[in-house]
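Numbering (the working numbering), first residue to last: 2 to 566.
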């Protein structure tokens, strides 16, 4: 009975009816219904489907296990418990009753013998004595027969004891086989579940290690950092007290949740740059390790305490060079943006010192010590010296809003700007399709800036005539296709490598870099790009055109690219 109570299915019914009553089957149906509602486009929907299929298979294995237990264990044990053992117990009770009857017959015969006055060693005579003696002998005979029967049943039970023990061995073997098959099912589905989770790109970024987030998302710059910086470039550069004024708690919480989902409504937050700045600060502060790393904390602090500016900058530069690649790229991106932010300090009141005060604790921290402001402020003041090359300007995206030649940002469509920005903030005309041919649109582009001459090893500006029939002399097909709004592949068309910083070796052999204001003369610094007489501010630029991913789903005919400097 106890073993039967352990079964989840209803005993004595077929497999189909038993399956409907199993809790695992009910759970599997519930999971599959949830998966159908969410669909395979959702990670949770995929997980529900895989788990539902696994639970259904486990239910089938459970049904097979219980049916086998009933057939090979419960039914034989039922015969033993309900037939054979009760028969033995019944025989024992019957034997006890016969023994009592025999004792009673003997007692009556003995009393009859005493009442007749005969001697104890003489047999009573007469009909009564004979009847009592016969009754006593029959009772003794019945006792003997019952005892023999009980002994035979007991011997048979002992002889079958090995068979009875095998039932319990079979129970353990069937249970072991069931659990092995169940484990195999779980081990088979678990890698699929892990693969789905690892392949899912939309993972939370707040509170996660920087390297893990970059590896999962395949990005160079953390998504919250790039998204917040790009939005602030559109709507927050002249906002007074940016990064200093506290945002609305509800807005900040909502934006952080949206960034964790990699979905941001740009229009919603365009009027609240303080929430964007607060989200950026929160992301930096919630990193398990500060962007400037625990390992270099003492070196940063020691460098900031050096009184001589030239030596202090050199020490800070040495610390920058020791940062891991992921941290270096992100701190460079952020410092470049903060340097651009301080160019509007007359309007936003955010001087390098103020920015360092409010953002320093979010970039470098350690228990019980400070001094971050003395580190961040010179990095912002000399951003181009500390971080040459790379992205000197955060991502600027190109989008269209359906109008030819417009300069209105297309924020509502998930694209952050309808301009491309060069060094010096020179806006190019809109690249979207107009009423004319694509060649005329390109002509308008080249007329505004002069002719682009593109080579595989570099991209530079020079003078030239407007190309005919939409052809750019020396321009590779991939760049030309991108200029026309068609990105043929996701690989960037890189330009010449950035101008290397001027470094020499001191007498101690350490790597040195000339501080700002003491840099070598121009003739000693190799230039990868020629100087343009018409636009000298563009000449030193190192450019690359690569496709970009918008923050929201793009238009039906998106034109998105990013220009990295």
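Glycine is no exception: its CB is placed at the ideal position from the N, C-alpha and C atoms. Predicted model, so just to flag it, every value in this text is computed and none were measured.
Taking a C-beta distance under 8 Å as the contact criterion, residue 23 and residue 49 do not qualify as a contact pair. With respect to the 8 Å criterion, residue 327 and residue 212 are classified as neighbours on the basis of their beta carbons. Per DSSP, the continuous alpha helix (DSSP H) segment holding residue 175 begins and ends at 162–200. Straight through space, the alpha carbons of residue 261 and residue 334 are spaced by roughly 20 Å. When DSSP states are grouped into helix, strand and coil, residue 224 belongs to the helix group.
Contact between the stretch 297–310 and the stretch 257–277 is absent: fewer than 3 CB-CB pairs across the two stretches fall below 8 Å. Contact check for residue 207 and residue 329: beta-carbon distance about 21 Å, past the 8 Å limit, so the pair fails to qualify. Using a C-beta cut-off of 8 Å, the stretch 55–71 makes contact with the stretch 173–182, since at least three inter-stretch Cβ pairs fall below that distance.
Distance from residue 297 to residue 337 at the Cβ level is roughly 20 Å; contact not present, criterion being Cβ atoms closer than 8 Å. Residue 9 carries a coil assignment under DSSP once its states are collapsed to helix, strand and coil.
Under the DSSP assignment, residue 329 falls in the alpha helix (DSSP H) whose first and last residues are 326–343.
Taking 8 Å as the upper bound for CB-CB distance, residue 317 and residue 304 are in contact here, some 5 Å apart. Under a 10 Å Cβ-count criterion, residue 351 is classified as buried, with 16 or more other Cβ atoms of the shown protein chains found around its own Cβ. In the three-state reduction of the DSSP assignment, residue 2 falls in the coil class. Under the three-state reduction of DSSP output, residue 214 falls in the helix class.
Per DSSP, reduced to three states, the secondary structure at residue 32 is helical. The three-state reading of DSSP puts residue 265 in coil, since its state is none of H, G, I, E or B.
Between the stretch 248–265 and the stretch 356–364 there are fewer than three C-beta pairs closer than 8 Å, too few to call the two in contact.
DSSP, read as helix, strand or coil, puts residue 383 in coil. Under the three-state reduction of DSSP output, residue 318 falls in the helix class. For the pair of segments examined, the stretch 98–106 was found to touch the stretch 136–150: the number of CB pairs separated by less than 8 Å reaches three. Here residue 258 is not near residue 265, since their CB atoms are 8 Å or more apart. By the Cβ neighbour-count rule, residue 236 is buried, with 16 or more other Cβ atoms within 10 Å of its own. Residue nearest to residue 52 within the set 27, 71, 289 and 70 is 27 (criterion: CA-CA distance). By the neighbour-count criterion, in which a residue is buried when 16 or more other Cβ atoms sit within 10 angstroms of its Cβ, residue 128 is exposed. Looking only at 384, 286, 245 and 344, the smallest Cα-Cα distance to residue 314 is reached by 384. By the Cβ test, the stretch 212–224 is not in contact with the stretch 276–283, since fewer than three Cβ pairs between them sit closer than 8 Å. For residue 363, the enclosing alpha helix (DSSP H) covers residues 353–364. Residue 381 places its beta carbon less than 8 Å from that of residue 339. Apart from sequence neighbours up to five positions away, no residue of its chain approaches residue 159 with a beta-carbon distance below 8 Å. Residue state for residue 307 is assigned as coil, using DSSP reduced to three classes.
Straight through space, the alpha carbons of residue 238 and residue 386 are spaced by roughly 22 Å. Taking the Cα of residue 185 as reference, the smallest distance to any Cα among 59, 232 and 15 is reached at 59.
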